[in-house]
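Undergrad: Here the protein sequences line up with chains A and B, keeping their order.
Heads up: the first sequence begins at 1301 in our numbering, then just goes up one per residue.
Heads up: the second sequence begins at 1301 in our numbering, then just goes up one per residue.
In this text, a Cβ means the ideal position worked out from N, Cα and C, and glycines have one as well.
Below is one structure. I have some questions about it.
There are 2 protein chains.
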Amino acid sequence: TEGTETMQINHAQFCYNINVFFWQGSDFFFIFLFFRKKAHGSVFLKRCFVFCLVEQLVDEILKLNEDPKIHGLVLDLPIGALSGRVINSVTPEKDVDGITDVNLGRLIRGDLSECFVPPAASAVFDIEISRAQTPKAIEVLAKEIGLLAGEIESFGRNKAKVKLSLLERLKEHPDGKYVLVAGITPTPLGEGKSTVTVGLVQALGAHLGINSFACVRQPSQGPTFGVKGGAAGGGYAQVIPMEEFNLHLTGDIHAITAANNLLAAAIDARILHEATQSDKALYNRLVPTINGVRQFSPIQLARLKRLRVDKSDPSTLTPGEVSNFVRLDIDPSTITWQRVVDTNDRFLRKITIGQSSTEKGFIREAQFDIAVASEIMAILALTDGLADMNKRLGNIVVANNRKGQPVTAEDLGVSGALAVLMKDAIKPTLMQTLEGTPVFVHAGPFANIAHGNSSVLADKMALKLVGEQGFVVTEAGFGADIGMEKFFNIKCRASGLYPNVVVLVATIRALKMHGGGPNVTAGKPLTKEYTEENLKLVADGCSNLQKQIQIAHLFGMPVIVAINVFKSDTEAEIDLVCQIAKHSGAYDAVSCNHWAAGGRGTVQLAEAVERAANEKSTLSFLYDLKLPIVEKIRTIAQKVYGAKDIELSPEAQSKVDLYVKQGFGDLPICMAKTHLSLSHQPERKGVPTGFILPIRDVRASIGAGFIYPLVGTMSTMPGLPTRPCFYDIDLDSDTEQITGLF
Amino acid sequence: TEGTETMQINHAQFCYNINVFFWQGSDFFFIFLFFRKKAHGSVFLKRCFVFCLVEQLVDEILKLNEDPKIHGLVLDLPIGALSGRVINSVTPEKDVDGITDVNLGRLIRGDLSECFVPPAASAVFDIEISRAQTPKAIEVLAKEIGLLAGEIESFGRNKAKVKLSLLERLKEHPDGKYVLVAGITPTPLGEGKSTVTVGLVQALGAHLGINSFACVRQPSQGPTFGVKGGAAGGGYAQVIPMEEFNLHLTGDIHAITAANNLLAAAIDARILHEATQSDKALYNRLVPTINGVRQFSPIQLARLKRLRVDKSDPSTLTPGEVSNFVRLDIDPSTITWQRVVDTNDRFLRKITIGQSSTEKGFIREAQFDIAVASEIMAILALTDGLADMNKRLGNIVVANNRKGQPVTAEDLGVSGALAVLMKDAIKPTLMQTLEGTPVFVHAGPFANIAHGNSSVLADKMALKLVGEQGFVVTEAGFGADIGMEKFFNIKCRASGLYPNVVVLVATIRALKMHGGGPNVTAGKPLTKEYTEENLKLVADGCSNLQKQIQIAHLFGMPVIVAINVFKSDTEAEIDLVCQIAKHSGAYDAVSCNHWAAGGRGTVQLAEAVERAANEKSTLSFLYDLKLPIVEKIRTIAQKVYGAKDIELSPEAQSKVDLYVKQGFGDLPICMAKTHLSLSHQPERKGVPTGFILPIRDVRASIGAGFIYPLVGTMSTMPGLPTRPCFYDIDLDSDTEQITGLF
């Protein structure tokens, strides 16, 4: 017999597509078969026998490579049929089994997650693990999770933008469960929130068969080439391909950079033009006569409306109205809008601009921030759709005029262009974990001067896609006192979404540091306090864990403590943390081994999360938006950080007064505080008490919609170290593979 | 009867795929049919009759929308069956006919090119024409032009990157004909080289049935939001969708910005680190001991080799060798590498950086250029593959050390990271014209300090794809004296490709200006010299045309003059130009009407190009690379510009001496001269003579591979006018459509 057959089997909640290719020869047995389980997350393979002549083998494989109905190939051949030619004929896209001369002897597995062998030696790099797994084509993943063909825009083979129309289509569907991953106060070594996030969805999706989605932030390129390296998770809990995740992705940060810098250029150019032209000349240029017709653009009509000038014919404005219309009268000393680059460029922290003679002496001091610190990034993360984004972009306050009134992006006439530059960035990017479960990568606002959480839109879309029984896992930056507090008070307020569970990530070594262990530095060998059992340090450090559990309880959330296990951690240490955590009110506490074992290493955590999500929980916000700004700050300082009180500098107090006068008093608060301590002093580990939190200055992101008090000095532009990561990064021009990203 | 049928008909050189869906009801006649001619370029539609019940109509349309085998729908219904519901059920992707309530009465056309109705009024904007045409899915276009599925990476529905592996697959195939579009000395109004380029391929592909490809530059976002507006062609000769062409495209310029600025950050950070650390501290940081192992990275081994230190064990270097290795000893006053943004930000033309106290007083003057002026853009345009690009990136000279030796990107350890950032940008982006013919958009180097031509790789790939009888049309920036001269002497030298024909674009109004007509300003009404017949001005202005024809003849190329016709041009004016052009040695001279009529308006030009391409022509370069730098400059000045001689400033002379000493004497020359005159004085129109060309300074782009003499001051950062384009640009949040781009 010879032919192709496609059948569909409906079994319980799953639907299988089966593609069988079969034909018969005289010499050898030969198999081609592939089962795809359509619930997203896992892929099952089954065997089936087909007969074929070895001479036809390569030709038949080549044909199958081209057949879009065949999703993958599994070869099961007698030894005599194995040859380099046969092996090479299978394209990577169709090669479900990872056929190489090394692993030809491997058995076919019942579950793809079993492909992942724990690393043999410490020399295994994340990029090698990432590369060893061939991702599914993104269209296949999109179909698995229930997206329509017209709802995605592919960006190469491994990434796709998902259109916002999905939310309209699924608006009547119930949301899934919503899980936040947060951490204890971080140390320089990192606690692994990203790997836990990825490991958890791998366990839920690929091992427990529950629809699950991870929503993570897009990393800045600055750290990728600077100190920190990539941010795709790590080990066997990664977003793949990690190089695409860590580099340009689908260009969202570049779009933000372009929009941010267009607005910045518009500010200085406008000041120059106003200073060098009469009202009449400005008016003639701003509202020109084209082919005999003179009219206001829609954005100019909007400005007239704000100026309470109810006219639409440019010839009817009085000289006073013309002057008000053409002069934004920006006070350069009040400009808060900075230029950005997505590069760690410390020499741009403080600069002087406008020194060319063409700028006629309009020199001023300015700075560049890292792109992810742009308010436009915070807007992208908080918006719930195009109309809302356009409004927020127009509302951005870039400076005050000389009367102390806010000047906005809309006043500058540039808000429409900003929206146009951001029109694709607003769509979340779909990628996948190492075990083939779906991930949204979208937005990555700075976690100190902004709110440090991925986008509202990605969470909303994922919650619809997973369905009522499914799970969406998202991550908050820094420790729970910062990222989680902002998640609830800012992001949940913007989204209207209510989470079910908080997962609090800790490591034994970080707890030891909070318990009084010596300082640690990335790259340097750890001292014996960290590599040998030390129950005293662990127990003392659990004070920080306890405090963070209490913070989560302030918001009414059940907490599961996830201990991200390292090989030097002892069983006694882990047991101790679990015991203290539960004693402190945690719903459960479990150890996780996702780095070495992928989703299999996080099944226990996934089960605990599933149980906790079925408990009843009610989100309560920490403060009422109607409270005075100072009271809102005091509430966070006392209830979350454990401060005795706050103290505002005169500058901070006068800014608070200004914002209230400008009508911005009812916005939520986004604290800009060090992440390395619950207090404002990075060296104070554990649970500092009795301190007075100093508020040095207060700023406002009106487009994003929050007031941000500055506690101490916040660097918004990282630097490059003496030996940046880029020394090891290279591109092999033959294989097109990247080396040295980690 | 009821059913689906797919058949294939082979007819002459073309292959048709026919998809017919048919069934029968009792009330109405109903048609579904679509013919696709597989030669790229045009699409033919034919009618066929099917019967159907009107109640089933919408459901059937919805089904057909989802069927990937149905490429498009044409409805032919009795009036009674027309309803909003029926009209709305056809998705834009399948809507071949552009069904709206306005044009329901239109006849079905035999050729899609006839869809294009000349604009009724002058108020028709390019973006409206662009939007009125639904582009083919990019996968469909890719298949039509012979790309394999694995050779493209889609970026949304309308763009795809094409992999370089194509060149390897087709390396034995013959190249097609290669046509360069250049222009007379430009005026502020533009002569329409881009529209001629697009119109010409539309005529060749969609009207003459010849395989054809346009290769064009990616525009900078600066002008899009500043003064000039978009650059996708115009009217009925455009690359579509024009908003995607003009905005982020596939992110290449953003990648260049990221790479450029990473290198800039590395330079200043390195100077700071060297100045504040001992040799030993630097060495320990640059070559750290990790897990007990100390070793050089490959990029460091390359530097040791350049230093002639033949050692690979870090512990064996002498203190002198260590010092040489760790100290690049950059002389800050010699830094030529500037930061870039893709924004018209005049306040960054001259700045002071490093003013934050964290930079310890290492303050220096610097500048930002527009991103397309980056040397990395020139490298992208000139490279012939990954290995070559990596080498060029490493060779970039950013400064000299205090001994006067060049310091390169490889010395800074960053060249591998630059290659990684550029790994996707190196793949050309496939788009389409308004008439469905293929276009490569790739690279867009500044036309004054760089060479102003699209990429070598795109041209090479297109020449293979069109086949021996096909045509590739590419465009050179500015007038022929600049863009064409650099095309031959720089781009063709790098590519090894030999063009067949030069198309020289002129407009009647530009010739009038060269003939002594008054100045023109964009946006202002034209004076009567330009709107009424004036044969004297035309005849006088043809001197410039004659001179540019002669320049093309210097390179051994046949020239066809293309007159881009405006409605105020008279027949006598056009005839006069044609006559003078032919008299001056042009192979032919024809008028073009592509703006109003698309490819149909350029058929005559296409036929002339086809004839000329069959003539024998031999490319000769203007100068031998082995000539001294000054002689090469003199040759261009005298033979191309018509200068009496050149005069080097002392600074220019000393730079020439330095570059010769550094071993860069054999590079080609890339003149940085005003494009508004053949001379260095923009106000001198026509054919200036007797002038001495002043060479103010000489610079070098060693990675790109050219020396660039500066004739006068070149602005590398445009500014924003009082009323930038962005005032009119907006995004409709309901329809997601952009308004105001042009």
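Considering just the uninterrupted stretch of the alpha helix (DSSP H) at A1581/B, what are its terminal residues?
TA: 1579-1586 is the extent of the alpha helix (DSSP H) around A1581/B.
Undergrad: Is there at least one Cβ from chain B nearer than 8 Å to V1805/A's Cβ?
TA: No, V1805/A lies away from the interface with chain B (no Cβ there is under 8 Å from its Cβ).
Undergrad: In terms of alpha-carbon separation, which member of L1811/A, D1840/A, N1844/A lies closest to Y1830/A?
TA: Here the closest residue by C-alpha is L1811/A.
Undergrad: For the beta strand (DSSP E) that contains Y1478/B, what are its first and last residues?
TA: 1477-1483 is the extent of the beta strand (DSSP E) around Y1478/B.
Undergrad: Would you call N1844/A buried or exposed, if buried means 16 or more other Cβ atoms sit within 10 Å of its Cβ?
TA: With 16 or more other Cβ atoms within 10 Å, it is buried.
Undergrad: Who are the near neighbours of G1713/B in its chain, counting only those whose CB is closer than 6 Å to its CB and skipping five residues on each side?
TA: So the qualifying residues of the chain are I1599.
Undergrad: So with Cβ pairs under 8 Å, would you call F1740/A a contact of chain B?
TA: Not closer than 8 Å to any Cβ of chain B, the Cβ of F1740/A fails to qualify, so no.
Undergrad: Report the neighbours of E1453/B on chain A: residues whose CB is nearer than 7 Å to its CB, in chain order.
TA: In chain order: G1456, R1457.
Undergrad: Using a beta-carbon distance below 8 Å, is A1717/A in contact with chain B?
TA: A1717/A counts as touching chain B.
Undergrad: Shortest alpha-carbon distance to S1674/B belongs to which of R1664/B, T1733/B, S1494/B, V1640/B?
TA: If we check each option's Cα against that of S1674/B, V1640/B comes out closest.
Undergrad: Which same chain residues end up closer than 8 Å to L1430/A when comparing Cβ atoms and leaving out the 5 residues on each side of it in sequence?
TA: The question names Leu, but residue 1430/A in the sequence shown is Ser. Closer than 8 Å at Cβ, skipping near neighbours: A1532, Q1538, I1540, P1541, M1542, E1543, L1734.
Undergrad: When the cut-off is 8 Å and only beta carbons count, does E2036/A lie next to chain B?
TA: Yes - at least one Cβ of chain B is within 8 Å of the one on E2036/A.
Undergrad: Determine, using beta carbons only, whether D1642/A comes closer than 8 Å to chain B.
TA: So yes, D1642/A belongs to the interface.
Undergrad: Beta-carbon separation of G1990/A and D2030/B under 8 Å?
TA: The answer is no: Cβ separation not under 8 Å.
Undergrad: If you draw a straight line from the C-alpha of I1946/B to the C-alpha of W1637/B, how long is it?
TA: So the two alpha carbons sit approximately 27 Å from each other.
Undergrad: If I measure Cβ to Cβ from D1984/B and keep anything under 7 Å in the same chain, skipping five residues before and after, which residues do I get?
TA: According to the sequence shown, residue 1984/B is Arg rather than Asp. Within the same chain, R1984/B has close Cβ partners S1977.
Undergrad: Do E1710/A and G1685/A have their C-beta atoms closer together than 8 Å?
TA: Cβ distance not < 8 Å, so E1710/A and G1685/A don't count as in contact.
Undergrad: If contacts are defined as beta-carbon pairs under 8 Å, then A1747/B and G1783/B qualify, I think. What distance do you get, rounded to the angstrom?
TA: Confirmed, about 6 Å.
Undergrad: Buried or exposed for I2038/A, going by 16 or more other Cβ atoms inside 10 Å?
TA: Looking at its Cβ environment, which holds 16 or more other Cβ atoms inside 10 Å, I2038/A is buried.
Undergrad: Would you kindly check if the distance between the Cβ of I1653/A and the Cβ of I1646/A is under 8 Å?
TA: Sequence check: residue 1646/A is Arg here, not Ile. Contact flag unset, no.
Undergrad: Take G1942/B as the anchor and find which of T1918/B, C1970/B, I1851/B, G1856/B has the nearest alpha-carbon.
TA: When only C-alpha atoms are compared, the closest one is I1851/B.
Undergrad: By Cβ distance, which residues of its chain are closer than 7 Å to F2026/A, with the 5 residues on each side in sequence left out?
TA: The answer, listed in chain order, is F1525.
Undergrad: Take E1621/A and list the residues in its own chain whose beta-carbon comes closer than 7 Å to its own, dropping the five residues that flank it on each side.
TA: These residues qualify, in order along the chain: V1609.
Undergrad: Less than 8 Å between the C-beta atoms of I1438/B and K1471/B, yes or no?
TA: No, they are not a contact pair.
Undergrad: What residue range does the alpha helix (DSSP H) around L1680/B cover?
TA: Note, L1680/B: alpha helix (DSSP H), 1675-1682.
Undergrad: Could you check what DSSP says for L2041/B in three-state terms: helix, strand or coil?
TA: Looking at L2041/B - three-state DSSP - the assignment turns out to be coil, as it is neither helix nor strand.
Undergrad: Tell me the start and end of each unbroken beta strand (DSSP E) in the region 1633-1708 of chain A that is at least 3 residues and wholly inside, in chain order.
TA: Complete beta strand (DSSP E) runs here, min 3: 1639-1641, 1651-1653, 1664-1666, 1668-1670, 1697-1700, 1706-1708.
Undergrad: Using a C-beta to C-beta distance shorter than 9 Å, which residues of chain A count as neighbours of T1708/B?
TA: Here the premise fails: no neighbours, minimum Cβ distance about 14 Å.
Undergrad: Measure the alpha-carbon distance for S2044/B versus D1997/B and round it to whole angstroms.
TA: The requested residue 2044/B does not occur in the structure, where chain B is confined to residues 1301 to 2042.
Undergrad: For A1972/A, which of helix, strand or coil comes out of DSSP?
TA: A1972/A falls in the strand class under three-state DSSP.
Undergrad: In angstroms with no decimal places, state the Cα-to-Cα distance between T1487/B and M1813/B.
TA: Approximately 8 Å, taken between the alpha carbons.
Undergrad: Against G1713/A, what residues of chain B qualify as contacts under a CB-to-CB distance less than 7 Å, listed in chain order?
TA: By Cβ distance, chain B contributes F2026, Y2027.
Undergrad: Counting contacts by CB-CB distance shorter than 8 Å, is R2023/A in contact with chain B?
TA: With 8 Å as the cut-off, R2023/A counts as an interface residue toward chain B.
Undergrad: Identify the contact partners of N1561/A in chain B, using a Cβ-Cβ distance below 7 Å as the criterion.
TA: In chain order: V1641, T1643, D1645.
Undergrad: Give the residues from the region 1956-1988 of chain A that approach chain B closer than 8 Å (Cβ to any Cβ), ordered along the chain.
TA: From the region 1956-1988 of chain A, no residue has a Cβ closer than 8 Å to chain B.
Undergrad: Since P1519/A is in the beta strand (DSSP E), which residue starts that stretch and which ends it?
TA: First-last for P1519/A: undefined, no H or E at that position.
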